[in-house]
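All letters in the sequence shown, in the order written, are residues -18 to -1, 1 to 287 by mature numbering (1 follows the signal peptide of the UniProt record, and there is no 0).
A short worksheet on the structure shown next.
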Amino acid sequence: MGLSYVILAAAVFDYVAAQTCTTGKWKLSENAECQQCGRCVDSKGQQVACDPNGGTCNPQKCATGYYGDKCLDECGECLGGDRFCMSNGTCRLGCKQGYKGAYCNQQCLAGKFGENCAEKCGECQGGDSKCDKAVGACSDGCVPGWSGLLCRLRCPDGRYGLNCNEKCGHCLFSHQCNKDTGTCTGGCKAGYQGPSCTMSCPRGMYGANCAKSDKEAYGFGIGRLAMGSGSEEEHHGSMRIATPALIVAVAALLVGLAALGAVTYYRRHKKSATSDTAKEKEEADDVETYENVGSPVYKKPVRRH
């Protein structure tokens, strides 16, 4: 009888122990396993045990950053921190940048950033995955043709490439320079060629796309330069032909001017000498006349002009 009573008492104890959880744990039903209590705290912020038969916090108060009747749910990314997480899990001031949703627990999708994920990422090198979901900065820089911290600034006219560091070539119009590659979509200015219009025409060629030859300019290159028609590059071919001709023409002109000066000088010198001789003869006649004044045979000379 005594042994049977001890065995029965032990069985009852095991049964009761199996129906309850140790301090700090709880379960929903008799057959359920015990679970760890949530982050229940007292009025001083000290952690306390929850109700073992349901897990609720009595009185209901959760540690900072947790909410719910059992204080098992963790707050989202509230603007201002966990202290602005309400007892129902919502954020009093809204979400931090890069998050959205009623509980601020949804991160922005790829390609979006900022408050409530309302902003669109720029042209990041490496794609949207390189866009910071909070501020939108591109961690690996921008793709060619774009610049700025957010890679939202298109290169200005005349610039292209990574961070817009490259200068466009001699495009026909500056706005026709591809801001990504530098290719001139509308062709080149006269005197240049190549996809980016950075190569000068080879010797003997000139004009738009270097399509004209110096042979075409032979014989009228000087005339083209004199008329001043076309751009400087268009005159490039003509100048190579015209330059030797100009040198010869200038030399001939100088020789002619020198010869003319020599002839003019000779004529003036000869005329001056003739004039001096005539003057000397006239003075001699005057002297002779003076000496013969009073002579019986003196006759007043008649000057002829």
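Beta carbons are placed, not taken as given, at the ideal position from N, Cα and C, and that holds for glycine.
Asked: Under 7 Å between C-beta atoms of T4 and A31; Found: no
Asked: Candidates K171, P177, L54 and N98: closest to residue 289 by CA position; Found: Beyond the ends of the chain as shown, which are -18 and 287, falls residue 289; an answer cannot be given.
Asked: Residue 288 in three-state terms, based on DSSP; Found: Within the shown structure, residues of the chain are numbered from -18 to 287, placing residue 288 beyond reach of any answer.
Asked: Assigned exposure category for residue 326 - 16 Cβ within 10 Å defines buried; Found: The chain is shown only over -18 to 287; residue 326 falls outside these bounds and no answer can be derived.
Asked: Close Cβ partners of C57 (< 7 Å) along its chain, the five nearest in sequence each way excluded; Found: G47, Y48, Y49, D64, C67 and G71
Asked: Selection from G140, F155, K112 and E59 that minimises the alpha carbon distance to K161; Found: G140
Asked: Given L75 as reference, the closest of A190, L61 and N35 once Cα atoms are compared; Found: L61
Asked: Integer Cβ distance of G173 from S182, believed to fall under 8 Å; Found: 6 Å
Asked: Cβ-based burial, E148 [other Cβ within 10 Å; buried from 16]; Found: buried
Asked: Burial state of residue 288, where buried means 16 or more other Cβ atoms lie within 10 Å; Found: Absent from the model: residue 288. The displayed extent of the chain is -18 to 287, so no value can be given.
Asked: E214, buried or exposed, once every other Cβ within 10 Å from all chains shown has been counted against 16; Found: The predicted position of E214 is uncertain, since its pLDDT is 47 and thus under 50; no value can be drawn from it.
Asked: D64, DSSP secondary structure in three states; Found: helix
Asked: Proximity of L154 and K171 at Cβ, strictly below 7 Å; Found: yes
Asked: Anticipated Cβ contact below 8 Å, C146 with C137, distance rounded; Found: 4 Å
Asked: Whole-Å CB distance - C53 paired with C22, under 8 Å assumed; Found: 5 Å
Asked: Pairwise C-alpha distance: D51 and E12; Found: 21 Å
Asked: Whole-angstrom distance between Y188 and V125, CA atom to CA atom; Found: 36 Å
Asked: Three-state secondary structure (DSSP) of C106; Found: strand
Asked: Nearest residue (CA-CA) to S111, options A92, G123, W128 and E101; Found: A92
Asked: Straight-line gap, C113 to L131 (C-alpha atoms, nearest Å); Found: 10 Å
Asked: Residue environment, S178, which counts as buried when at least 16 other CB atoms sit within 10 Å; Found: buried
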